[in-house]
Each structure stands twice: as structure tokens, then as C-alpha cells.
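Some notes on the structure that comes next.
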Amino acid sequence: MSDHDDEDFESLYQRGLRFRQFGETAAAIDAFRSALQINPDHVESLVALGNLLEEDWKLDEARSQYSRAVEVDPEALLPRQYLGRLESSTGHFEEAVKALKTYQELGGEDVETLLTLAEAASKVNDCKTVLKATKAVLDLDDSAYKAWELRGICYAHTEKYNEACICLNMAIDLHPSSIEALNAVGDVCYQNENYHCSSEFFESSLKVRSEQPDIMFKYATSLWFLDRWSEAVPLFEKYTSLRPEDARGWNNLGVVLREKGDVKRSVECYRKALELDPNLEVVKSNMETAMNMQVLT
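Reading the sequence shown from the start, the letters are residues 24 to 320 in the numbering used here.
In C-alpha cells:
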């Protein structure tokens, strides 16, 4: 640039910063666009323009500015940080992982950004990246419950149940209402047929958020295995009202009703289950048992 162009660029850049400071988004965008016409490789202007466009919900344009800044300076942290967080917020998790892994490799240590990396990596089942990112977070702040939670879920997915329980219990200690952690510990217990444990964690989760049909089903099933049929009945009733198309729910409701002694209603539930899935063999067997009980009574 000539000295004159340099002066014009600096004036426009500073104008953009001032407009942004005072909340004049449209004017700030115009100023940064004009500055970039003079110096299209100015990373700070590209990032600032990207921020403003993102705030203005012009996400594709914002992505373009961040990507351009990454091209201009591949080792700059801010462009990758903003690009990765934008990709994650719009559901482009693989792209988010790509941008934020490099951010971490370049020495980026912003806790929220590293957590975004871990969450995006979790979405694409990249456990190695989850563990690396969460370790970095916990080295910076060992009270970050989300990092413990993500580590625990990752360990559970890879069937490292001891490590999973340690991490998830840490998350729950730090944040007792963490639904994800409560459900993940419950799932570990459920998969290992420890139904007393699973029932406790699923119950706690449903106290935080009652409308969780999948958790309700597992909680009720856990109670069933513990012979707590009377407690399981209203849960399966609620589940079948939320998921009336699921034959498993009707079958399980039929079983607990039968165990409770309400054979007539259990038969009705089995019939409903067979209407939904005529090939479900367990329902046929349960229906036969219930019909025989009716004959005996």
C-alpha cells in the first residue's frame, strides 16, 4: 500500500472499531468492508467483520471472513477460535473439530473454546480429541463439570466403565442437576444390570426434567427388575402416553400390571403391543401367560 492508502486504511479501521464500540453495527460493517478493500489481508479487520456479521446473523458471510483470516495467517488463534465456535453452533461438528484441533495445537487455552472442541468431538464420536481437549480444560480449571461429564460419556462409549463412573460422579458432585451426567451414570449401571444403581440416577434425572421418555422407560424397567411393580406402573403408563407407537412400552406395562395382579388390563396392553408389532415374540409369550392366568381365575 502507498502511504496515502495506509492512512486511509487506518482511518477506516479505527472508524470501524469506534462504531462497533458504540453499537453502530451497520456503520461498523461498512467501515471494515471499506478498509478491507484497501488491505484485504488484514486479519484483525477480517475477524472484526466476521464478529459483526455473526452478531447480525449473516453466518455464511461471517464464516467466509474467518476462513479468509485463517488463509492469511494460518497460525493466528482468533480466526480459528471464532470459525470453530461458529461451525459448532451451526451443527457443522466435523468442521468445528478441524478448526479447533488446530487452535489447541497452536497453543490456544481458552476454556470455553476447548469445551466447544470437546463437545463437537463428542458429537462425531472422536473420543481421542474429547479426552485431549478435556484434559487441557481440567489442567486449567478442575472444577469445569462439563469437561468431567464429556470425559465420562466418552469412557462409557468405549466401555471403560470404571473411568466413566469416576468422571461422571465428579461432574455430578460439581453440578448435581447435570442431566447428561446423571443419565450417563444411569446408563452404565443399566448396561451392567445394576438396576438399583440405575434406578437412583434415572430418578434423580427425572426430578430435574420430567419429560424424558427414554429415561422414563429405563427407570421403569429398572424398577421392574427390582420387583417394584407398583412404582413402575405409572411410569410405563406415562411412557405409553408419550410414545404410544412403541410396542415395547405396552408390553412392559402389561408385564408390571400382570405382576401387580391386574391381568385384564395386562392382556389389553399385550393386544395393543401386537397391533403395533405382530412379530414381537416376547409379547406373544406374555399374552399366553396372561391368558392362562385369566382361565385360572
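Ideal Cβ positions, reconstructed from N, Cα and C, are used throughout, including at glycine.
Original post:
Where does the unbroken alpha helix (DSSP H) through T263 begin, and where does it stop?
Top reply: It spans 252 to 265 - the alpha helix (DSSP H) in which T263 sits, taken as one unbroken run.
Original post:
For E254, which of R266, I52, K241 has the nearest alpha-carbon?
Top reply: K241
Original post:
Is the segment 219 to 231 in contact with the segment 261 to 269, if contact means three or more CB pairs nearer than 8 Å?
Top reply: no
Original post:
Can the beta-carbon of A207 be found closer than 8 Å to that of I238?
Top reply: One thing to note: A207 has its Cβ no nearer than 8 Å to the Cβ of I238.
**OP:** Pull up the CB-CB distance for V134 and V153, whole angstroms please, since I reckon it's below 8 Å.
**Re:** Not quite, the Cβ-Cβ distance comes to about 15 Å (not below 8 Å), so this is no contact.
Original post:
DSSP three-state call for D26: helix, strand or coil?
Top reply: In this prediction, D26 scores a pLDDT of 49, lower than 50, which makes its location untrustworthy; the coordinate-derived value is nonetheless stated afterwards. In the structure shown, D26 sits in a helix (DSSP, three-state: H, G or I).
Original post:
Does the beta-carbon distance from A54 to G73 come in below 8 Å?
Top reply: no
Original post:
Hey, out of D96, L100, F42, S245, whose CA is closest to L75's CA?
Top reply: F42
Subject >> Residue span of the alpha helix (DSSP H) that contains E132, given as start and end >> reply: Element bounds for E132: n/a, residue is neither H nor E.
Original post:
Is A119 near A141, with beta carbons less than 8 Å apart?
Top reply: no
Subject >> Option nearest T125 by Cα separation, candidates K146, S112, P102, H115 >> reply: P102
Original post:
Using CA coordinates, which residue listed in E117, G130, T139, E128 is at the minimum distance from Y105?
Top reply: T139
**OP:** Just mark R232 as buried or exposed, buried being the case when its beta carbon has 16 or more other beta carbons within 10 Å.
**Re:** R232 comes out exposed.
**OP:** Indicate whether E172 and A204 have their beta-carbon atoms separated by less than 8 Å.
**Re:** Contact flag set, yes.
Subject >> Cα-Cα separation between K158 and C190, rounded to whole angstroms >> reply: 12 Å
**OP:** Would you decide whether D83 is buried or exposed? Buried here means 16 or more other CB atoms lie within 10 Å of its CB.
**Re:** So D83 counts as exposed.
Original post:
Mind checking W80: buried by the 16 CB within 10 Å criterion, or exposed?
Top reply: W80 should be labelled exposed.
Original post:
Can you give the beta carbon distance from E268 to L299, rounded, assuming they're within the 8 Å contact cut?
Top reply: E268 to L299, Cβ: 6 Å. Contact.
**OP:** Identify, in the order they occur along the chain, each residue of the same chain with its Cβ nearer than 7 Å to the Cβ of I202, setting aside the five sequence neighbours on each side.
**Re:** S228, V231, R232
Original post:
Relative to the C-alpha of L246, which residue among S222, D64, A71 is closest?
Top reply: Nearest option by C-alpha distance: S222.
Subject >> Straight-line Cα distance separating Q60 from E182 >> reply: Cα-Cα distance, rounded: 54 Å.
Subject >> As assigned by DSSP and simplified to three states, the class of D300 >> reply: coil
Original post:
What span of residues does the alpha helix (DSSP H) with F148 cover, start to end?
Top reply: The sequence shown places Asn at residue 148, rather than the Phe named in the question. N148 -> no alpha helix (DSSP H), and no H or E assigned at all.
Original post:
Cα separation between V70 and D96?
Top reply: 11 Å
Original post:
What distance in whole Å lies between the Cβ atoms of L123 and T113, which are believed to be in contact at a cut-off of 8 Å?
Top reply: Between L123 and T113 the Cβ distance is about 14 Å, and since that is not below 8 Å, they are no contact.
Subject >> Reduced DSSP category for Q235 - H, G, I as helix; E, B as strand; rest coil >> reply: coil
Subject >> Environment of A58 [buried if 16+ CB atoms lie within 10 Å] >> reply: buried
Subject >> Proximity to D149 [Cα-Cα], best of Y178, D165, D162 >> reply: Y178
**OP:** Buried or exposed for Q127, please, with buried defined as at least 16 other CB atoms from any protein chain shown within 10 angstroms of its CB.
**Re:** buried
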